[in-house]
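Order-wise, the sequence lines are chains U and D. The opening position of the first sequence corresponds to residue 8 in the working numbering, with each subsequent residue numbered one higher. The opening position of the second sequence corresponds to residue 33 in the working numbering, with each subsequent residue numbered one higher. The structure appears right after this line, and notes come after that.
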Amino acid sequence: MVRRRAALVGAGHTRFGVVPEGPRVLLRTAVDAAFGSVDRGLDRARVEEAFLGTLGFSGWQLGNPSAVLAEEARLGHAPVTRVENACASAGFALRAGVRAIESGDRDVVLVVGLEKMSDSPSAHRRYWLGVSGDTEWERLAGLTFAGVYALMASRHMADYGTPAEALAEVAVKNHANGQLNPNAQFHKTIDRAQVLAAPRVADPLGLLDCCPVTDGAVALLLASEEVARALTDTPVAVAGAGAGSDALALQERASLTSLAATRHAAEEAFRRASFGRPQVGFLEVHDCFTIAELLALEDLGFAAPGKAAEMTLEGATARSGRLPVNPDGGLKAKGHPIGASGASQAYEAFVQLRAAAGARQIPGVERALTHNVGGSGASATVTLFERT
Amino acid sequence: MPMAIVAAAVARPSARLGPLAVEAPDEDAFTLAMAAAEALGERARSSELARIDLVGDHAPEAEWAVPEALGLGGVAIHRTSGGPAHLFEAIRGHEGADPPGTRLLLAVDLSRVGRATGTNHGALAVALALGPGPGIRVDHVATHARSPRGETEGLRVDRLGRPHGSEPTALLILGDDERVVAAARTAGGPGFATSLVPRAPPGTGPAPTTPFALALRAPGVDDLPHPFVLAALGAERDVHVRGTVTGSVAWSEATPSPTLALSAPPVRDDERSLDARSEGAYVPRPRYIENLPSRWRLEADWCPSCSRLTFPARGACAHCGRTQELERRSLARSVWTVDAATIVRPGAQPTEFDGTVAVAGAYGVVVARSSEGPRATFQLVGPATPVPIGSRVVPVLRRLYPMEGEWRYGRKAIVVAASDAR
Ligand SMILES: [Zn+2]
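As structure tokens, then:
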């Protein structure tokens, strides 16, 4: 039996960066853009349900933000559920929307990711950035995520001889990509020397190894494939959605150089899809820190353990390489509004697979993988898309 | 039967202010006392301990925190203020009134620097195991109003530090900085003469009760004549002690700590707010208290089904889920190996550690593996320097941060052997 599939029929993306707009305006802007992008139009009344991915950064409307989305998206009385899995909130919100359609329960679903991070003064930001880590042990040892990823980087470098230049190259490449993305936070290229010379944040990671503080929202409109074909000639199907979990704290995990949640999510996504890794045209991976992109390439199965550095230094992951990674600039250059990033990755899959990515378009690309990680790897989603 | 000091350990603080060893920002009476107690080894955790004497600058909370950290819930606690008289009275004990069994005495002096107390001294903690002996026994303690300088109770006191007769052998010594007096027997003549105590090693800084401990291992202490007498000259009162030496004292020292150079005296708790900013990620006090067995004593759950340990202990095996008949075991403190390491720079610290960064600039953090298997995450004590993977660390009890009017304590780690593997 052919599984009922969900497909993207519309997507809207605010500019990412430190912007004056508040959460309500960001939500409204992204949702309006998503409806505006549906080729043959979509009446809002047809949205049966919505999912909102957000951490609630800065504490604005920490509880019940779903109601705000219902208001700003003018969804009437359709149910809205807030999904929170830290930086993977939107990835899991997307998965919830996909499953609502795959199950046959819904035909049209709205998925939104939102984060407004720049409202908080810097000290507040630091504690908010730490709320999703292991509070009782990692945080009490003095770690935020930069420190946790730095620990993984230290071990990866020791075990595999991963050079600092490979981490730097991730940042260089993603900044080059971000320059072509009008929604990206940074539009400047950097070179390896700048990354290596930047002030250290948590050794071996420096300032340019870390994603920035970002505001932004992204809205995705999903429909069953049958409904989708009535709305557009070029829907982008969700070929397989996978997710995984792991221990909250690094100290509890089997490996310090691999995210088991990512591995589990990738296995599940490919098991559901009708294609394998060689057919994937590009990746959107969770590069909150440069080391995270290398871990992702290995855990997603596109590089052998310890080999992502080589692959990156060879240029294979560049936009013109054999497997482009983060053509939109990634979290590193595009920005990382925590609860929105997973939806932003799906937005990139939508525009690239419809050949609508403008200057950063990867020619002839047909299938994409998006990878969203919560915390330091406590949760992860992997979603596979294909043009139909 | 009177108790004798049978074993002693000293713990020095890890910061330095000029010539004085003073508490680092993450050290206080509790952490120093625990460092000394842990240096004493099994004697400080013995189930035969009948009583713990807390002498000196202990906070009231020490009455529950010390037995909790030692895993000796329910043991009798006796807390007295500092000073020579209290110390020696505590050592002497109360014959007939003390419960049978051995005793643990934890004496702590925090630093007093630049304050109008008439004294300037560093900090140090001493742990004494008291038992039937052999060792050093205190037989009689008497206090008197301040004696005139010079002759007192048959002791000639030379406060300028020039020994009478030939080089003396220090027996017991006590006092604060300039008033430390040793009762010693001259090699050339009968009776006792007095002298100032040999200065503590550079950088350690004397403290009121600590030269006494240092003297326990003074040259010649093993073949002491006995009985001995001792005079401690206080600012207002003098203490005279008579005792007997019946054997040598087992001696140990806490793991040497890195030295942090301070430019100002340690801030006292009554001069600051004990609240870190942490409105977001927050460990409520009951959860902090709940985890103390793992946080302070490194307790893990051992599962008889898997023969594996789960750390932190949580009442269930992390491998099979078993919740019955789990055995609590403390992980060894001695051998932890660094699996991953970083240095957290200003701006990357959780807000609770803003104070730490303000003083130290940066700090190291490691994930380390115990010899029994489980891993833990530790902030490193002392200056932030790169720590190669494979290095050895020892967990020590330290202040983490202040919250809701009190300090939160947990294990940090000291690098004892840097790996040169990489
Ligand atoms: Zn088990």
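Idealized CB from N, CA, C, for every residue including glycine. Note that the coordinates shown come from a computational prediction; the quantities given were computed from them, not determined experimentally.
| Item | Value |
| --- | --- |
| Under the three-state DSSP convention, the category methionine 164 of chain U falls into | helix |
| Leucine 263 of chain U at chain D interface by Cβ criterion, 7 Å | yes |
| Serine 339 of chain D: CB within 6 Å of a non-hydrogen atom of ligand 1 | no |
| Continuous beta strand (DSSP E) stretch holding aspartate 222 of chain U: start and end | 222-231 |
| When D/Pro434, D/Thr112, D/Asp371, D/Leu341 are compared against aspartate 301 of chain D, the one with the closest alpha-carbon | D/Pro434 |
| Burial state of valine 16 of chain U, where buried means 16 or more other Cβ atoms lie within 10 Å | buried |
| Residue interval of the alpha helix (DSSP H) (run including proline 318 of chain D) | 317-322 |
| Inter-residue spacing [alpha-carbon to alpha-carbon] between arginine 317 of chain D and leucine 158 of chain U | 28 Å |
| One or two residues paired with asparagine 188 of chain U in a DSSP bridge | Bridge partners of asparagine 188 of chain U: none, in fact. |
| Chain-ordered neighbours of leucine 432 of chain D on chain U, where CB pairs are closer than 7 Å | Leu147 |
| Tyrosine 354 of chain U - containing beta strand (DSSP E), residue span | Looking at the DSSP string, tyrosine 354 of chain U is not in any beta strand (DSSP E); the run it does join, the alpha helix (DSSP H), is 348-360. |
| Per DSSP, cross-strand counterpart(s) of glycine 213 of chain U | U/Arg207 |
| DSSP-derived helix/strand/coil call for tryptophan 144 of chain U | coil |
| beta-carbon arginine 361 of chain D near ligand 1 non-hydrogen atom, thresh 6 Å | no |
| Where the alpha helix (DSSP H) containing alanine 41 of chain U begins and where it ends | 30-43 |
| Minimum Cβ-Cβ distance from proline 325 of chain D to chain U less than 7 Å | no |
| Neighbour flag for alanine 209 of chain U against chain D, beta carbons, 7 Å | yes |
| Euclidean distance between Cα positions of alanine 350 of chain D and leucine 341 of chain D | 8 Å |
| Residue-chain proximity (proline 378 of chain D, chain U), Cβ-Cβ < 7 Å | no |
| Candidates U/Thr151, U/Val234, U/Val179, U/Ala97, of which the one nearest glycine 336 of chain U by Cα | U/Val179 |
| Chain-ordered neighbours of arginine 407 of chain D on chain U, where CB pairs are closer than 7 Å | Gln258 |
| Three-way DSSP call (helix, strand, coil) for leucine 392 of chain U in this model | Before going further, note that residue 392 of chain U is phenylalanine rather than leucine in the sequence given. It is a strand residue. |
| Arginine 354 of chain D beta carbon near ligand 1 (any heavy atom closer than 6 Å) | yes |
| Glutamate 143 of chain U: contacting residues in chain D (beta-carbon distance under 9 Å) | Val315, Arg319, Tyr320, Asn323, Arg327, Pro344 |
| Residue closest to arginine 106 of chain U, alpha-carbon to alpha-carbon, out of U/Leu82, U/Phe58, U/Asp50, U/Ala41 | U/Phe58 |
| First through last residue of the alpha helix (DSSP H) which encompasses threonine 63 of chain D | 61-72 |
| Any non-hydrogen atom of ligand 1 closer than 6 Å to cysteine 218 of chain U Cβ | no |
| Within-7 Å CB hit, glycine 442 of chain D to chain U | yes |
| DSSP state of proline 285 of chain U mapped onto helix, strand, coil | helix |
| Between the CA atoms of valine 370 of chain D and arginine 199 of chain U - distance to the nearest angstrom | 29 Å |
| Beta-carbon gap between glycine 154 of chain D and leucine 52 of chain D smaller than 7 Å | yes |
| Distance, serine 403 of chain D Cα to proline 34 of chain D Cα | 41 Å |
| Euclidean distance between Cα positions of alanine 41 of chain D and alanine 256 of chain U | 36 Å |
| Rounded C-alpha distance that separates aspartate 222 of chain U from leucine 215 of chain U | 19 Å |
| 8 Å contact criterion, which glutamate 359 of chain D and alanine 71 of chain D should meet: CB distance rounded | No, glutamate 359 of chain D and alanine 71 of chain D are not in contact; Cβ-Cβ is about 27 Å, not under 8 Å. |
| Helix, strand or coil at aspartate 141 of chain D according to DSSP, with G and I counted as helix | strand |
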